[in-house]
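Worksheet: the structure to be examined is printed underneath.
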Amino acid sequence: MCKYCRKHAEGYDKWYFNPKGYSGELFYKLSLLDRILGREPKMVREAINGADSAWYPLDISKLLDMVDWAKIPFFGSIVRAYGNYLAIHSHAGQVVPLEDALKISDLAYDHVAYPCMCKRLFKGQDEFKCLNFGPLVETNRKVPRNWKEKRLSPEEAKEWLQRFSEKGYIHTVFWWMDMPQVACVCNCEAQYCYAARPKIWYGITNTYRKAEYVAEVNNDECISCGECISHCQFGAISLGEDGRADIDPRICFGCGQCRFVCEQNAIKLVDRNTHSIAKKIW
Amino acid sequence: MVKFKYNHKKCDLPYDPAELRPTKCLKCLDICPKSLLMFIPFKKKDKDGAPVRFEIHMIFKSFADKFCPDCMKCVEICPSQAIKISF
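Just so you know, the protein sequences line up as chains L and S, in that order. If you're matching positions, the first sequence starts at 85 in my numbering and goes up one per residue. If you're matching positions, the second sequence starts at 889 in my numbering and goes up one per residue.
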């Protein structure tokens with residue numbers, strides 16, 4: 085079990101299965117200072133500040149320019165540590181396989197699809213693939229220039245998740261401000277995802293945490309078709325010396341998309357915490 | 889080091905206030921193989937608090953030589969020559 089699950093799961097399997105994160109109990113929790121000053125709770129304030137779609141790209145570009153400092157020698161390690169701290173206490177995500185994403189959509193209420201902001205800003209296309217739910221949607225509707233949305237029924241949300249999985253997108257559960265509060269399930273392409281790129285390029289671990297699983301190939305069943313190699317978005321799979329597919333556990337994010345393209349069903353997800361190499365790499 | 893220069897006077901980025909994003913062109917974003925370009929609103933606001941115009945911006949700028957593949961596709965595809973890249 086990872087340290088975040090140990091802290092926030094409260095008896096459930098994973099931190100994102102904790103029903104506290106979906107009920108709004110944490111979202112509308114007033115601190116003592118908020119009561120004295122008579123203002124709204126922290127998560128609501130932050131949601132309203134960040135949700136104005138007109139100024140959102142500007143904020144994101146400033147953040148991404150700051151990420152640059154992580155490459156400066158010596159000083160960069162401080163930036164990375166601060167980035168890791170910020171990511172945990174603001175809005176970042178963890179990869180989940182399809183099964184977990186479906187369970188999450190069971191727990192949540194009020195399903196809404198927003199256009200993926202990364203695809204919008206970096207490719208100029210609106211694709212509705214960011215599934216939000218719960219209290220965050222309510223606050224987003226109160227913002228003056230709110231986002232375009234498509235309302236979904238719970239069944240539709242599941243269908244959409246399965247459709248995204250067929251396209252090869254990676255499901256990622258994003259938290260909001262404090263860990264067990266879940267904001268959305270995004271369906272990402274690592275190529276232009278701005279949570280994944282600081283992680284892959286700059287080594288800021290917490291912006292895009294790896295899944296609780298890691299993929300493994302059964303060498304007896306693999307027929308060396310090479311289908312999984314082209315489907316891995318992180319380049320973790322290569323052909324090994326014996327001609328079979330070889331997954332590097334140090335690179336694997338555990339999204340499980342390679343399982344669905346394997347006709348032989350030779351790839352399985354195993355628990356990352358019991359894996360000898362991958363258990364310390366998040 | 890790769891330097892990205894953008895001339896907002898040449899670039900034609902009409903935007904729809906209802907959608908709050910440029911509706912036309914954006915060819916450079918589409919073609920960038922590393923997705924390093926994005927559109928950002930200009931800092932000045934109009935009466936309603938909406939941005940005056942949008943601009944093209946390169947992210948991860950100071951280490952762009954590490955990520956930018958120098959393919960010059962954004963320069964070639966721009967219909968109004970608003971983008972310049974120097975080394």
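Each residue gets a CB set at the ideal place from its N, CA and C atoms; glycine is no exception. These numbers were taken from a predicted model, which means no experiment stands behind them.
Chain L beta carbons: is any one of them nearer than 8 Å to that of residue i?
{"i": "residue 914 (chain S)", "result": "yes"}
{"i": "residue 909 (chain S)", "result": "yes"}
{"i": "residue 917 (chain S)", "result": "yes"}
{"i": "residue 949 (chain S)", "result": "yes"}
{"i": "residue 929 (chain S)", "result": "yes"}
{"i": "residue 938 (chain S)", "result": "yes"}
{"i": "residue 945 (chain S)", "result": "yes"}
{"i": "residue 955 (chain S)", "result": "yes"}
{"i": "residue 968 (chain S)", "result": "no"}
Would you identify the three-state DSSP class for residue i, choosing helix, strand or coil?
{"i": "residue 341 (chain L)", "result": "helix"}
{"i": "residue 945 (chain S)", "result": "strand"}
{"i": "residue 303 (chain L)", "result": "coil"}
{"i": "residue 328 (chain L)", "result": "coil"}
For residue i, which option in the options has the closest C-alpha, if you only look at C-alpha atoms?
{"i": "residue 338 (chain L)", "options": "L:300, L:191, L:121, L:210", "result": "L:300"}
{"i": "residue 305 (chain L)", "options": "L:215, L:340, L:156, L:350", "result": "L:350"}
{"i": "residue 939 (chain S)", "options": "S:904, S:946, S:958", "result": "S:904"}
{"i": "residue 362 (chain L)", "options": "L:294, L:193, L:100", "result": "L:294"}
{"i": "residue 311 (chain L)", "options": "L:346, L:328, L:288", "result": "L:346"}
{"i": "residue 161 (chain L)", "options": "L:288, L:296, L:127", "result": "L:288"}
{"i": "residue 909 (chain S)", "options": "L:286, L:105, L:210", "result": "L:210"}
{"i": "residue 930 (chain S)", "options": "L:135, L:266, L:139, L:296", "result": "L:139"}
{"i": "residue 214 (chain L)", "options": "L:196, L:208, L:126", "result": "L:196"}
Which residue marks the beginning of the beta strand (DSSP E) containing residue i, and which one marks its end?
{"i": "residue 926 (chain S)", "result": "925 to 929"}
{"i": "residue 258 (chain L)", "result": "254 to 260"}
{"i": "residue 280 (chain L)", "result": "From DSSP, residue 280 (chain L) is part of no beta strand (DSSP E) but of the alpha helix (DSSP H) over 280 to 286."}
{"i": "residue 892 (chain S)", "result": "891 to 894"}
{"i": "residue 177 (chain L)", "result": "177 to 179"}
{"i": "residue 157 (chain L)", "result": "Per DSSP, residue 157 (chain L) belongs to no beta strand (DSSP E) and is neither H nor E."}
{"i": "residue 353 (chain L)", "result": "351 to 355"}
Looking at the secondary structure, which residues open and close the alpha helix (DSSP H) in which residue i lies?
{"i": "residue 133 (chain L)", "result": "126 to 134"}
{"i": "residue 919 (chain S)", "result": "915 to 919"}
Could you tell me whether any Cβ in chain S is nearer than 8 Å to the Cβ of residue i?
{"i": "residue 157 (chain L)", "result": "no"}
{"i": "residue 276 (chain L)", "result": "yes"}
{"i": "residue 138 (chain L)", "result": "yes"}
{"i": "residue 151 (chain L)", "result": "yes"}
{"i": "residue 229 (chain L)", "result": "yes"}
{"i": "residue 170 (chain L)", "result": "no"}
For residue i, go through chain C and note every residue whose CB falls closer than 7 Å to its CB, in chain order.
{"i": "residue 926 (chain S)", "result": "Among the protein chains in the structure shown, which are L and S, there is no chain C."}
State buried or exposed for residue i, treating a residue as buried only when at least 16 other CB atoms are found within 10 Å of its CB.
{"i": "residue 137 (chain L)", "result": "buried"}
{"i": "residue 224 (chain L)", "result": "buried"}
{"i": "residue 192 (chain L)", "result": "buried"}
{"i": "residue 968 (chain S)", "result": "exposed"}
Is residue i near the ligand ADP, with its Cβ less than 7 Å from a heavy atom?
{"i": "residue 115 (chain L)", "result": "No copy of the ligand ADP appears in this structure; indeed no ligand is present at all."}
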